[in-house]
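S.K.: For reference, the structure I am asking about is given below.
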């Protein structure tokens, strides 16, 4: 037989089963590592190696500063170019983890004599960390279930759109490294709980430190871990391992986190971090009780002691919290935290948070889009977890359930839920496939035994075993197995499609299909920013809506009034008020802010819908929230927002309308439509005769997407 | 025979030089210009002045140094001066390039003047005459007036000159032709006889003018040609002996014409192209060597998507468009990079050296380059570089660290100010290089990986645990 001859030939190379398994596992992991990286490179291939979106431009700018000026200057950097005239203490108001990571990678590459540009490092940081996340997912899966589940988890998370959306090449944002840090911290903590070793606890504290340095989402860790510990305490799973792990992680993690200036003393002062501290004290009470129980032999006495101690501890804790709150030592929960617990809170109280599209509650479609079959595998995985409860599975269940809730509250938090969903789904896939293959293999074994023996007695025994099992078991298992693989392959296809179609656009360069199917590129943003950079005085102040602030400072290199770090609501409201006032009133505000140029984004020519006219109601709301002279109903007609002839008179004459549509009335945008036809909103504009008195058009990009106006100096009085 | 003549000429030269020295180095007044014709081309912002002089030796001894005079402002804007002698009659003319050098003449002329001396190939004997052709190229010489214009206005500029040619010699007859880019001439100063036909203004002929006679004139006319000036161009040519030359060019471009004033209206610019932004420009054309590959065009904030490359076997043309049209005073910076096959530009010389033969110039067509820096990055391990450039340039050496460099690469830096397209010529950089250095980097990488694997193997096989 040819089969046997080849096996003879390969005999010296033949590996033991264990070695084979290791080889397969390592090669799968390597492939997954590479896959996670290259699937995120669609944006580089489609467009170029560039930074995406809004916030990444700030991160890029700060990283550039860090590499050029060194860490001390970065830490003490006072940025005069943003929030004019207030400025911004950059070192104290950012999470430096991302920038430091990129700068270190950059230094390392230069040390190894690779002359790369810092931009390339920044662009590829997120995919690199996504690759690392797959490794962590493998080890985490191995810790909570088995190495099979770990492998499946690594594969699932490598291509999961929920994660890819924030980690494609060029998406140089905190989340890119933070998800790695989050999962790594959780893994180390679970490992510490399982082992009860100080070393793992210490490692998890450092993981937590890295997470705190990287992203504000660390609050999730510092609340989830105490919650998990509390659940373990309540379910009677208190152990010395847990005590060691939590105390080590909490105390060291807290001390380390205090080194980050933006976080500072929040761990002991802010309401959001009090749960962790409460659980820490509760642990001590438990330990004390355990000790007392050990000393006392009388159970009745202990019961009484227990009740007194618990009451005292709870009362003391409550009083301490109350006093802290009342004296102002412990700050109350912030609006952002409230808006997580109550999805309607932001809409009523903080319009600036509600105005961001990624802060909206999640629609079902986006769950389906981001998770695909994981959405169905998630409950199945939960079932398996509950069937085999352990400290580790309790953790992953709690992580999965809480993060799923947060994912439902805010679109962007799907990202936090993704690792949990992948892990739990991996358990479902791994357990199901394992069960099915075991079923198939046991059948084969029986058949083999039957064939080798080949006697009537064997026939009888095989008959007996067949009778025990259900009919068509083998076929059923095969069918299910094929079904599972079909689903998984659908998942892979879906993920690739989503990555290539939806998540790989840099949003700074817009691409559309032309009339002949050719690709048309609208590079208007960079056109405008580069014009600002080259042809305006270096100290020019640019006023725009806060969305474009980071991009203007990073690409245009000019001072902005407000930017995406929305720390001062009044300042933003002032800009909102200027945009929604009549021109002469707005001119007063503009003069008082010492503005030289006003920049608006306008999509009426190209049909680009996320422009300033569509964002305008938020400017009105945010402006009106601080300055009651601005009233939303003034801009609406019967509660309807419109820009055509039937629009509200204040709408037709406010600064934003004028700046967007200045001389647009002469423009033919579409064949067969009247001049001044707004393609983004599909109407003919209502005010075609716009005269500007205090501003003049300084630059309009080739597709009109960005329009820049120069503020004229005041008229001479004499 | 020829050698004897040459010896005699040499002897004569020494003799005359001695005599000249004894006479007290007065300007060689023995020449008379019997006929001078000057054609001034004002059609772009690079001004070409073609001067044809018929020089006659009216002195008693033969002389070989003809002196040209220029005003200090002209010298400040002078990019290049070139002279050639015309031999033969009618159609059978051949021109011989002559050496031109700036000189100082000791006696003070009536007005402040700078001099250039043309060294004739053969001394002109008494009574003989010869025809010289001189080309002056001036940059930044047209003064926009008004200095600021709005979008719909066209650009008007002043040209200042003198109707009479400034010369240390007596000129018997002279004519000046000024060619303007269009028929739109606002004003010009007459000096009879002067007449204007179409795009040409003719001054003269003027008879018998003494040395240093001038008559200031100006022409105020429309010039909408792109006043594109590269303020600084840094061209880096990196040689890799693995078969590639990588060229990177950093441009700082400015529209040096009348400054743009007030509104820039896109709707006017798009719908009424002819009457709007006439002096602005959008497209630039770069002529690159043939067989160019991996061309890119970008700036500090990313790729610029508006460029087209056309290649054929003789040349490659890259049409680029800056991110926005350039109006007066607007700036743009960008980078063009491309790769070239090594065998087209690198050769071995007879003395076992290698040399790079490359164009000294700016690939963008019709550009004035205020400061041109060419950096030739030689491969790591190359020694004694020496540049050979046909005109005077400043040069020095630098070191550069590129990928996987340990000792750094030698960079030959050549700098030239006020560069015009007429300067375009080839230059060479000679250097020695041992091919063994080519293997340094691959070997380094291979050994690094080898060490890594050895470390892995060692880690697996060594038991590092403290407890047993």
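Chains as they are written, first to last, in the UniProt record's numbering: chain A, 1 to 718; chain B, 1 to 468. Even for Gly, the Cβ is constructed at its ideal location relative to N, Cα and C. Owing to the predicted nature of the structure, the values given are computational and were not obtained by experimental measurement.
(1) Return yes when at least one heavy atom of the ligand ATP lies under 8 Å from the C-beta of residue 447(B), else no.
(2) Using a Cβ cut-off of 9 Å (strictly closer), state whether residue 535(A) contacts chain B.
(3) Taking all protein chains shown into account, do 16 or more other C-beta atoms lie within 10 angstroms of the C-beta of residue 462(B), making it buried, or fewer, making it exposed?
(4) Say whether chain A places a C-beta atom closer than 9 Å to the C-beta of residue 365(B).
(5) Residue 313(A) by DSSP, collapsed to three states: which one?
(6) I'd like to know if residue 330(B) contacts chain A, where contact means its C-beta is closer than 9 Å to some C-beta of that chain.
(7) Got a sec, what are the start and stop residues for the alpha helix (DSSP H) residue 473(A) sits in?
(8) Residue 336(B) touches chain A at which residues, Cβ-Cβ below 9 Å?
(9) Is it the case that the Cβ atoms of residue 60(A) and residue 122(A) are separated by a distance below 9 Å?
(10) Closer than 9 Å, CB to CB, is residue 98(B) near chain A or not?
(11) Please report whether the beta-carbon of residue 409(B) lies at a distance below 9 Å from any beta-carbon of chain A.
(12) Kindly provide the ranges of any beta strand (DSSP E) runs that are 3 or more residues long and lie completely inside the region 315-402 of chain B, ordered along the chain.
(13) Is DSSP giving residue 654(A) helix, strand or coil here?
(14) Buried or exposed: residue 448(A), going by 16 or more other Cβ atoms within 10 Å of its Cβ?
(15) Please compile the residues from chain A whose C-beta is within a distance smaller than 7 Å of the C-beta of residue 299(B).
(16) Can you tell me the Cβ-Cβ gap for residue 139(B) and residue 77(B), rounded? I've got them flagged as a contact below 8 Å.
(17) Hey, could you find the ends of the beta strand (DSSP E) residue 123(B) is sitting in?
(18) So within the region 322-361 of chain A, which uninterrupted alpha helix (DSSP H) runs reach at least 4 residues, ignoring any that extend past its ends?
(19) Please list the segments of the alpha helix (DSSP H) lying wholly inside the region 257-305 of chain B, counting only runs of 4 or more residues, in order along the chain.
(20) Please list, in chain order, the chain B residues whose beta carbon lies closer than 8 Å to that of residue 720(A).
(21) In angstroms, rounded to a whole number, what distance separates the CA positions of residue 428(B) and residue 239(B)?
(22) Using a Cβ cut-off of 9 Å (strictly closer), state whether residue 370(B) contacts chain A.
(23) Pull up the distance between the alpha-carbon of residue 162(A) and that of residue 581(A), whole angstroms please.
(24) Just the C-alpha distance for residue 65(A) and residue 540(A), rounded to the nearest angstrom, thanks.
(25) Under the assumption that residue 151(B) contacts residue 268(B) (Cβ atoms under 8 Å), give the Cβ distance between them as a whole number of angstroms.
(26) By a C-beta neighbour count over all protein chains shown, 10 Å radius and 16 as the cutoff for buried, is residue 713(A) buried or exposed?
(27) Using a Cβ-Cβ cutoff of 7 Å, what residues of the region 270-294 of chain B are near chain A? List them in chain order.
(28) For residue 431(A), which residues of its own chain have a beta-carbon under 6 Å away from its beta-carbon, when the five flanking residues on both sides are left out?
(29) What residues from chain A crowd round residue 401(B), counting only those whose CB sits closer than 8 Å?
(30) Under 9 Å between C-beta atoms, does residue 405(B) make it to chain A?
(31) From residue 466(B) to residue 192(A), what distance separates their C-alpha atoms?
(32) Chain A beta carbons: is any one of them nearer than 9 Å to that of residue 267(B)?
(33) In the DSSP assignment, the beta strand (DSSP E) including residue 720(A) goes from what residue to what residue?
(34) Classify residue 78(A): buried if its beta carbon has 16 or more other beta carbons within 10 angstroms, exposed otherwise.
(35) Does any C-beta atom of chain A lie closer than 9 Å to the C-beta of residue 264(B)?
(36) What would DSSP say about residue 39(A), mapped onto helix, strand or coil?
M.R.: Reading from the atomic positions:
(1) Absence of the ligand ATP is noted for the structure shown, with no ligands found whatsoever.
(2) Answer yes: the Cβ-Cβ gap between residue 535(A) and chain B drops below 9 Å somewhere.
(3) Counting other Cβ atoms within 10 Å of its Cβ, residue 462(B) stays below 16 and is therefore classed as exposed.
(4) Taking Cβ atoms only, chain A never reaches closer than 9 Å to residue 365(B), which makes this a no.
(5) Note: residue 313(A) maps to helix in three-state DSSP.
(6) Residue 330(B) counts as touching chain A.
(7) Element bounds for residue 473(A): 473-501.
(8) Those within 9 Å of residue 336(B) in chain A number zero; the least Cβ separation is about 16 Å.
(9) In contact: residue 60(A) and residue 122(A) (Cβ atoms closer than 9 Å).
(10) Not flagged as an interface residue toward chain A: residue 98(B), since no C-beta distance is shorter than 9 Å.
(11) Chain A places no beta carbon closer than 9 Å to that of residue 409(B), leaving this residue out of the contacts.
(12) With a minimum length of 3 residues, the continuous beta strand (DSSP E) runs that stay inside the region 315-402 of chain B are 316-320, 331-341, 346-348, 354-360, 368-377, 383-388 and 394-400.
(13) Three-state DSSP puts residue 654(A) in a strand.
(14) The predicted model places residue 448(A) with a pLDDT of 49, which falls under 50 and marks its position as unreliable; any figure quoted below should be read in that light. It counts as exposed.
(15) Per Cβ cutoff of 7 Å: 530.
(16) Rounded, the Cβ-Cβ distance is 6 Å, consistent with contact.
(17) Under the DSSP assignment, residue 123(B) falls in the beta strand (DSSP E) whose first and last residues are 114-124.
(18) DSSP runs (the alpha helix (DSSP H)) wholly in the region 322-361 of chain A: 335-341, 345-349 and 351-354.
(19) Fully enclosed alpha helix (DSSP H) runs of 4 or longer: 266-271.
(20) Limits of chain A in this structure are 1 at one end and 718 at the other, which puts residue 720(A) out of reach.
(21) Roughly 13 Å separates the two Cα atoms.
(22) It does not; no Cβ of chain A falls within 9 Å.
(23) Those two C-alpha atoms are separated by around 40 Å.
(24) Taking the straight line from one Cα to the other gives about 21 Å.
(25) Contact annotation, residue 151(B) with residue 268(B): C-beta distance approximately 6 Å; criterion of less than 8 Å satisfied.
(26) Looking at its Cβ environment, which holds fewer than 16 other Cβ atoms inside 10 Å, residue 713(A) is exposed.
(27) So the list is empty, because no residue satisfies the distance condition.
(28) A distance below 6 Å between beta-carbons, with the five flanking residues on each side excluded, links residue 431(A) to the following residues of its chain, in chain order: 384.
(29) Result: 113 and 115.
(30) Closer than 9 Å: yes.
(31) If I take the Cα positions, the gap works out to 21 Å.
(32) Cβ-Cβ to chain A under 9 Å: yes for residue 267(B).
(33) Within the shown structure, residues of chain A are numbered from 1 to 718, placing residue 720(A) beyond reach of any answer.
(34) Result: exposed.
(35) Interface residue (Cβ-Cβ distance to chain A less than 9 Å): residue 264(B) is classified as such.
(36) Residue 39(A): helix per DSSP, three-state reduction.
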